[in-house]
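Residue numbers (this note's numbering): 77 to 378.
Virtual Cβ for every residue (Gly too), placed ideally from N, Cα, C.
Being a predicted model, the structure only gives us computed values, none of them experimental.
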Amino acid sequence: MPVPSPPLAGLDCRGLRLADQSSVAALVAASERYAFGHPVTTPLDLVSRWQRPGFDLPGSSLGYFDGAVPVAFGELGSSADLVVHVSPLRRGEGLGSDLAEWGEAVARRRGFSTLRQMTAASDVAAAAALAERQYVRGDTTWILVAGAPEDAPPAAPDLVVRPPRTDQRAVADRLLERHGDLAVRRAPDLGGRLVVTGHDPWELSAESVQVATVDERVVGACVAEDAGSICWIRQLSVDTDHRGRGIARMLLLATLRAAAGRGRERVSLVLPSGPHLPSLHDWPGLVVAAELWAWRRPLFVR
77 MPVPSPPLAG LDCRGLRLAD QSSVAALVAA SERYAFGHPV TTPLDLVSRW
127 QRPGFDLPGS SLGYFDGAVP VAFGELGSSA DLVVHVSPLR RGEGLGSDLA
177 EWGEAVARRR GFSTLRQMTA ASDVAAAAAL AERQYVRGDT TWILVAGAPE
227 DAPPAAPDLV VRPPRTDQRA VADRLLERHG DLAVRRAPDL GGRLVVTGHD
277 PWELSAESVQ VATVDERVVG ACVAEDAGSI CWIRQLSVDT DHRGRGIARM
327 LLLATLRAAA GRGRERVSLV LPSGPHLPSL HDWPGLVVAA ELWAWRRPLF
377 VR
């Protein structure tokens, strides 16, 4: 495995081990506190990633250590996602760029055609460094928590948001497309797609689906999947004739409440880039805990 030389004397580099979990979690918390003002990733998220079946932690990660203390690390996932964290005290020293170079080399050896990294939307320096390495900005990921109950305006009297009844479940299920990276289907009952995202096929439980109905007709649906400490929104759709009524926001709030009942306080929503999409900072009843940008780079140029 290619291992770059540490840019500073005195740093050791090696693959991570399960025994590093506590010290790496502290590094991630410090990195996210710098980026967002508070940690976003929990130790549970870290352990969930590291203990995935078939995941080779030492062979898929590289950490820089100052003695026994990690100051930066990179972690390459099976979906060509590279996670990089650098201590706020060691930013600007080239550690992030070295880890990006390492991740790109390992990804090429594994046959990945593209590599994806995430940065905080506010991290201008990281964005500039990735752009210089020929990464192109793509989707925006929002990590949301529920605001104070009084901040959420009441729903319209004819609007009901709840888990689907058995006869409504088929409508929600038709929103799913189980082929390819994006889950996209235009169900006739819903009249079009607001935003749909997804990854691998999964089995849905009743509490992971919320539907919005007007006069018993399904006009919106939200499909979610738990992973670690976060509930991931895999699909959010609203009938074109009923948009502008806050239905998407109500679906997200209902999903947050259901997720909290399963021990998860946050939801994550991915939106494709584009000026036509709303800023979730302005949605009443929802608080943005983090806003992240995805960056992709082709690894093989023909």
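To which residues of the same chain is residue i closer than 7 Å at the C-beta, ignoring the five residues directly before and after it?
i: Ala359; result: One detail in the question is off: residue 359 reads as Trp in this sequence, not Ala. Cβ neighbours of Trp359 beyond the five flanking positions: Arg325.
i: Arg166; result: Val147, Ala148
i: His255; result: Unreliable placement is indicated for His255, whose pLDDT of 22 sits below 50; the coordinate value is still reported in the next sentence. For His255, where only same-chain residues beyond five positions count, there are no Cβ hits under 7 Å.
i: Glu341; result: Val221
i: Gly179; result: Gly150, Leu152, Leu158, Leu191
i: Val290; result: Asp234, Leu235, His318
i: Arg109; result: Pro115
Apart from the five residues on each side of it in sequence, which residues of its chain come closer than 6 Å, Cβ to Cβ, to residue i?
i: Arg373; result: Leu191, Gln210, Tyr211
i: Pro264; result: Only weak support is given to the placement of Pro264: the predicted model assigns it a pLDDT of 29, under 50, and the value that follows is read from those uncertain coordinates. Excluding residues within five positions, none has a Cβ falling inside 6 Å.
i: Val363; result: Val221, Gly223
i: His357; result: Val364
Buried or exposed: which applies to residue i, given that a residue is buried once 16 or more other Cβ atoms fall within 10 Å of its Cβ?
i: Leu175; result: buried
i: His161; result: buried
i: Ala297; result: buried
i: Asp58; result: Residue 58 is absent from the model: the chain starts at 77 and stops at 378.
i: Ser163; result: buried
i: Asp132; result: exposed
i: Asp257; result: The pLDDT assigned to Asp257 is 28, lower than 50, so where the model puts this residue is not dependable; a value taken from the coordinates is nonetheless given after this. When all chains shown are included, Asp257 counts as exposed.
i: Ser155; result: exposed
i: Arg321; result: buried
i: Val200; result: exposed
i: Ala232; result: exposed
i: Glu301; result: buried
Under DSSP, the beta strand (DSSP E) around residue i begins and ends at which residues?
i: Ser136; result: No beta strand (DSSP E) contains Ser136, which DSSP labels as neither H nor E.
i: Trp218; result: 212-222
i: Arg333; result: From DSSP, Arg333 is part of no beta strand (DSSP E) but of the alpha helix (DSSP H) over 323-337.
i: Ser344; result: 342-347
i: Glu151; result: 145-152
i: Ser313; result: 306-314
i: Arg90; result: 88-90
i: His161; result: 157-162
i: Ala303; result: 293-303
i: Val116; result: Neither: Val116 is in no beta strand (DSSP E) and is coded neither H nor E.
If you measure between the beta carbons of residue i and residue j, is that distance less than 9 Å?
i: Phe112; j: Ala366; result: yes
i: Trp308; j: Ala203; result: no
i: Asp215; j: Gln193; result: no
i: Phe119; j: Ala95; result: It should be pointed out that residue 119 corresponds to Pro in this sequence rather than to Phe. Going by C-beta atoms, Pro119 is not nearer than 9 Å to Ala95.
i: Val295; j: His318; result: yes
i: Gly139; j: Arg186; result: no
i: Leu328; j: Thr217; result: no
i: Thr242; j: Gln286; result: no
i: Pro239; j: Ala334; result: yes
i: Val343; j: Ile219; result: yes
Below 8 Å on the Cβ atoms is my contact criterion, and I expect residue i with residue j to pass it. Report the Cβ-Cβ distance as a whole number of Å.
i: Asp86; j: Ala222; result: It should be pointed out that residue 86 corresponds to Gly in this sequence rather than to Asp. Incorrect: roughly 45 Å between the Cβ atoms, too far for contact.
i: Leu152; j: Val182; result: 5 Å
i: Ala288; j: Val237; result: 5 Å
i: Ala144; j: Gly172; result: Actually they do not touch by this definition, with Cβ atoms about 21 Å apart.
i: Asp121; j: Ser305; result: 5 Å
The alpha helix (DSSP H) that contains residue i, what's its start and end?
i: Asp121; result: 119-126
i: Asp174; result: 171-185
i: Ala204; result: 200-208
i: Leu368; result: It is not in any alpha helix (DSSP H) - Leu368 instead sits in the beta strand (DSSP E) that spans 362-374.
i: Arg109; result: 97-112
For residue i, I'd like the list of residues in its chain whose CB is within less than 8 Å of its CB, leaving aside the five on either flank, ordered along the chain.
i: Glu279; result: Any reading at Glu279 must be qualified, since the residue scores a pLDDT of 40, below 50, and its modelled position is unreliable; the value itself is stated next. The answer is none, since no qualifying residue turns up.
i: Ser137; result: Gly91, Leu92, Phe149, Gly150, Glu151, Leu152
i: Phe376; result: Arg184, Ser189
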